[in-house]
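In the order they appear, the protein sequences are chains X and C.
Here the first sequence stands for residues 3 to 370, numbered as in my numbering.
Here the second sequence stands for residues 4 to 350, numbered as in my numbering.
In what follows, a single structure is set out as structure tokens and then discussed.
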Amino acid sequence: MKYVDEFRDSQAASKILASIRQLAKRRWRIMDVCGGQTHNLVKYGIEAALEGVVDLIHGPGCPVCVTPAEVIDVACELSQRSGVVVMSFGDMLRVPGVKTSLNSARAAGGNIRTVYSPVEAVEFARSQPESEVVFFAVGFETTIPATALAVKQAAALGLKNFSLLTHHVRVLPAMLQLMQGQDIEIDAFLAAGHVCTVTGFEDYGTLTAEFSVPVVITGFEPLDLLHGILRAVSLLETSECGVVNEYARSAAAGGNVAAMQLVDEIYEVVNQSWRGLGVIPASGYAIRECFQRFDAQRRFELSAPNHVNESSSECRCGDVLQGKLKPLECPAFGTKCRPEHPLGAPMVSSEGACAAYIQIQPQPLGTT
Amino acid sequence: MNNGLDCPLPQSSPSDVVSLAHGEGSGLTRRLIQDRIKKVLTNPVLDQLGDAALLGECSRQVMMTTDSFVVSPLKFPGGDIGSMAVYGTVNDLLVSGAVPHCLSLSLIIEEGLPLSVLDEVLENIQRACEECGVFIATGDTKVVARGECDLLFINTTGIGFARDVLPLGPASIEQGDELIVTGPIGQHGIAVLACRNGLNFTPPPLSDSKPLVAELAALEPLMPRVRCMRDATRGGVGAVLQEWAESSGCTLTFRVQDVPVSLEVRAVSELLGLDPMHVACEGTMVLAVNSSTAKDVVTALHNAGFPCASRIGTARERDIVPVTCVGLLGQEQPFQEPLGAPLPRIC
Numbered sequence: 003m004k005y006v007d008e009f010r011d012s013q014a015a016s017k018i019l020a021s022i023r024q025l026a027k028r029r030w031r032i033m034d035v036c037g038g039q040t041h042n043l044v045k046y047g048i049e050a051a052l053e054g055v056v057d058l059i060h061g062p063g064c065p066v067c068v069t070p071a072e073v074i075d076v077a078c079e080l081s082q083r084s085g086v087v088v089m090s091f092g093d094m095l096r097v098p099g100v101k102t103s104l105n106s107a108r109a110a111g112g113n114i115r116t117v118y119s120p121v122e123a124v125e126f127a128r129s130q131p132e133s134e135v136v137f138f139a140v141g142f143e144t145t146i147p148a149t150a151l152a153v154k155q156a157a158a159l160g161l162k163n164f165s166l167l168t169h170h171v172r173v174l175p176a177m178l179q180l181m182q183g184q185d186i187e188i189d190a191f192l193a194a195g196h197v198c199t200v201t202g203f204e205d206y207g208t209l210t211a212e213f214s215v216p217v218v219i220t221g222f223e224p225l226d227l228l229h230g231i232l233r234a235v236s237l238l239e240t241s242e243c244g245v246v247n248e249y250a251r252s253a254a255a256g257g258n259v260a261a262m263q264l265v266d267e268i269y270e271v272v273n274q275s276w277r278g279l280g281v282i283p284a285s286g287y288a289i290r291e292c293f294q295r296f297d298a299q300r301r302f303e304l305s306a307p308n309h310v311n312e313s314s315s316e317c318r319c320g321d322v323l324q325g326k327l328k329p330l331e332c333p334a335f336g337t338k339c340r341p342e343h344p345l346g347a348p349m350v351s352s353e354g355a356c357a358a359y360i361q362i363q364p365q366p367l368g369t370t
Numbered sequence: 004m005n006n007g008l009d010c011p012l013p014q015s016s017p018s019d020v021v022s023l024a025h026g027e028g029s030g031l032t033r034r035l036i037q038d039r040i041k042k043v044l045t046n047p048v049l050d051q052l053g054d055a056a057l058l059g060e061c062s063r064q065v066m067m068t069t070d071s072f073v074v075s076p077l078k079f080p081g082g083d084i085g086s087m088a089v090y091g092t093v094n095d096l097l098v099s100g101a102v103p104h105c106l107s108l109s110l111i112i113e114e115g116l117p118l119s120v121l122d123e124v125l126e127n128i129q130r131a132c133e134e135c136g137v138f139i140a141t142g143d144t145k146v147v148a149r150g151e152c153d154l155l156f157i158n159t160t161g162i163g164f165a166r167d168v169l170p171l172g173p174a175s176i177e178q179g180d181e182l183i184v185t186g187p188i189g190q191h192g193i194a195v196l197a198c199r200n201g202l203n204f205t206p207p208p209l210s211d212s213k214p215l216v217a218e219l220a221a222l223e224p225l226m227p228r229v230r231c232m233r234d235a236t237r238g239g240v241g242a243v244l245q246e247w248a249e250s251s252g253c254t255l256t257f258r259v260q261d262v263p264v265s266l267e268v269r270a271v272s273e274l275l276g277l278d279p280m281h282v283a284c285e286g287t288m289v290l291a292v293n294s295s296t297a298k299d300v301v302t303a304l305h306n307a308g309f310p311c312a313s314r315i316g317t318a319r320e321r322d323i324v325p326v327t328c329v330g331l332l333g334q335e336q337p338f339q340e341p342l343g344a345p346l347p348r349i350c
């Protein structure tokens, strides 16, 4: 399959691995900030193959994991209201809120449906005028243009029964926040290739300038990831710093201008609360005043959810989300915290770091 | 997209649809059975319309299986609920070592199902029976109120006669045995998923729904050396391997790159973040065979017109992981089952 097979060539992968091993004189710490990349690094055995050579650490790259528990509770509560249908991506269903998850809310009679695209929710609202359709819009810049398009379409159709419960997040402010922290050492970033495809990467210059940290725009296939790591190691070994694009077949410096214009038309940048990370300045999007009729928060007169402190001595998902702790280092990992009884969101979501690690963790028969 | 909650059905007037009265034992019930069901599925045993079918005496060991079919939409690219209800039960008999003989057919119909849809399903059932050399011996029809089932549920129970040599079953799998699949995997699940959710791929992925009669015929001479067979339906090939690992006490290892996956299934799986190993097949089976037989089995399948039949892995001494896969970099790692249905990711 074109664009897949050539990026999964095992011989080429072995060659790049050998180059990385040869080039790395120090055990550099390289962070990815994308759940898809985290999973592929683990799934394709790249992390294991580079053990002791490069430390791959995983940042807050899973959109589901960084959605605060209290926001999930709001979605669950809405789904129980008469006439309301809550729609979201399948990935969101199993993630626990403070009180419950969408899956449990559905079992308890909540009207919750999964969709593949926010535009499907618009179509559903159009065909079911007697229902109040709320799309639970989470995700990074990869997803935000699609929810902006949904609002635009709903406006064009004059829909009065469609709204968004948004928790959209921006990657770059989270990366800046991580670098400002005192207790984490990051030598280089693999920037998320698909986020950069949408946003471009001109703004990443501020990150490299302020913190002297190289940023390599990286794709998702095994060879993309290996090329990204090789490039990062090469920059670090030669003390170079800059933004380098290793995903040129998809990402360009200026990004997807039309998509970002659409995002800008519908949303404004606001401070955002992240699960495990707290409030990060300018790290989220809220619906602009002129489209407020599509904002579920206002439509249903919801009060801003109270932030819940999830600090637990057992679950260290906040530290995992910030890359301070590897999933395997969490005392609850694989014992008290497992996919079938998760303590934290990274164990539940298909893009969560803990879920990626548990997939390759030997597990004796009879433990589940 | 219409959110794919139902298959596109023609507009019907009340007389064109199944009503609750069709299930209440009145004249309408008799008309439904006589004029529609019996008319299409006619054979000497069914035509008696007794409460129980008289199948006669037999000198062989008798085998029985049952399965229920609740697929939505009723019709999907490559198949429909009617033919699937026959093939699925016939395949369960075939992989267990039986020669399929006859089926029962139980229909649970939601009030409002267009009679034209029912007719089409019945015709597909009859066509599938003829293809598999079986007949419907007895049946039942129930009509439930709107919302109590999803248009049409079907249960079929199959009766077959045991072959001279039955597969020993998964407990007989030994270290060194090889694992084989007879065709590309994940076809059915992806076809139904794409159709149900209005994912308009061109060309649409096709279900592999079919009887395994030709595969079994090709393997007949080799049967004494086959340890076990299983059609990889719900849970896909991955679920079969997990079950066999538990039954046999071996660790089963497969090589990701040797598993046959069609371009369509790969493309949809890549887009949605699904692993075809977890996706249902309806006309593809997994075999475990003695290693000295593996080459002959694959050759026999290739010669019989199944070019994708492949040796995908082996059984070995059990370590703590029941199923493992060998990936791109040659690394072997645990292969876990998903919790519940696989859910597409966000981005």
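Here a beta-carbon is modelled for each residue, glycine too, at the ideal position from N, C-alpha and C.
Determine the burial state of L49 (chain C): buried for a count of at least 16 other Cβ atoms within 10 Å of its Cβ, exposed for fewer.
buried
Step through the CB atoms of chain X and report whether any lies within less than 9 Å of the CB of N94 (chain C).
no
Between E181 (chain C) and A248 (chain C), what straight-line distance do the alpha-carbon atoms span, to the nearest angstrom?
13 Å
Cutoff 7 Å; reference A165 (chain C); Cβ partners in own chain excluding five residues on either side:
R63, Q64, M66, G100 and A101
When the distance is taken between beta carbons, is G346 (chain X) closer than 9 Å to R318 (chain X)?
yes
G368 (chain X), DSSP secondary structure in three states:
Residue placement at G368 (chain X) is flagged as unreliable, the pLDDT there being 39, under the threshold of 50; a coordinate-derived value is accordingly withheld.
Would you mind telling me which residues of chain X sit closer than 7 Å to R269 (chain C), beta carbon to beta carbon, in chain order?
M3
The segment 237–252 of chain C contacting the segment 146–162 of chain C, beta-carbon criterion three pairs below 8 Å:
no
Assigned exposure category for D83 (chain C) - 16 Cβ within 10 Å defines buried
buried
Buried or exposed: Y249 (chain X), going by 16 or more other Cβ atoms within 10 Å of its Cβ?
buried
Residue span of the beta strand (DSSP E) that contains H343 (chain X), given as start and end:
Run containing H343 (chain X): none; DSSP gives neither H nor E here.
For H281 (chain C) versus G241 (chain C), is the C-beta distance shorter than 9 Å?
yes
Counting along the chain, where does the beta strand (DSSP E) carrying K4 (chain X) start and finish?
From DSSP, K4 (chain X) is part of no beta strand (DSSP E); its letter is neither H nor E.
So what does DSSP say about V355 (chain C), is it helix, strand or coil?
There is simply no residue 355 (chain C) to check, as chain C begins at 4 and stops at 350 in what is shown.
Could you tell me which residues DSSP pairs with M67 (chain C) in its beta bridges?
C:I162
What separation, rounded to the nearest whole angstrom, lies between the Cα atoms of A156 (chain X) and E270 (chain X)?
18 Å
Residues of its chain near Q82 (chain X), where Cβ-Cβ distance is below 6 Å and the 5 sequence neighbours each way are ignored:
G112
Are the Cβ atoms of S352 (chain X) and G189 (chain C) separated by less than 9 Å?
no
Can you list, in chain order, the residues of the segment 245–267 of chain C whose Cβ is nearer than 9 Å to any Cβ on chain X?
A248, E249, Q260 and L266
Proximity winner among C:N94, C:S107 and C:T68, relative to A56 (chain C) (alpha-carbon distances)
C:S107
Quick one: what's D143 (chain C) bridged to in DSSP?
C:S109
Test: P337 (chain C) CB closer than 9 Å to a CB of chain X:
yes
Can you tell me which residues form a DSSP beta bridge with H196 (chain X)?
Per DSSP, none; premise fails for H196 (chain X).
Any alpha helix (DSSP H) of 4 or more consecutive residues that is wholly inside the segment 53–128 of chain X:
71–81 and 104–109
Alpha carbon to alpha carbon, how far is P117 (chain C) from T159 (chain C)?
22 Å
So, with DSSP's three-state summary, where would you put E3 (chain C)?
There is no way to answer for residue 3 (chain C), as the model of chain C reaches only from 4 to 350.
Kindly indicate which three-state DSSP category R251 (chain X) falls into: helix, strand or coil?
coil
Buried or exposed for N200 (chain C), going by 16 or more other Cβ atoms inside 10 Å?
buried
Is the beta carbon of T199 (chain X) less than 9 Å from the beta carbon of G257 (chain X)?
yes
Give a yes or no on whether 9 Å exceeds the smallest Cβ distance from G330 (chain C) to chain X.
yes
Closer than 9 Å, CB to CB, is A50 (chain X) near chain C or not?
yes
Got a sec, what are the start and stop residues for the beta strand (DSSP E) H169 (chain X) sits in?
F164 to V171
Among X:T69, X:P65 and X:R29, nearest to G54 (chain X) - alpha-carbon criterion
X:R29
Pairwise C-alpha distance: L209 (chain X) and A355 (chain X):
24 Å
Counting C-beta neighbours from all protein chains within 10 Å, is the total for R230 (chain C) 16 or more, i.e. buried, or is it exposed?
buried
Name, in chain order, the residues that DSSP records as bridge partners for G286 (chain X).
X:V171 and X:V272
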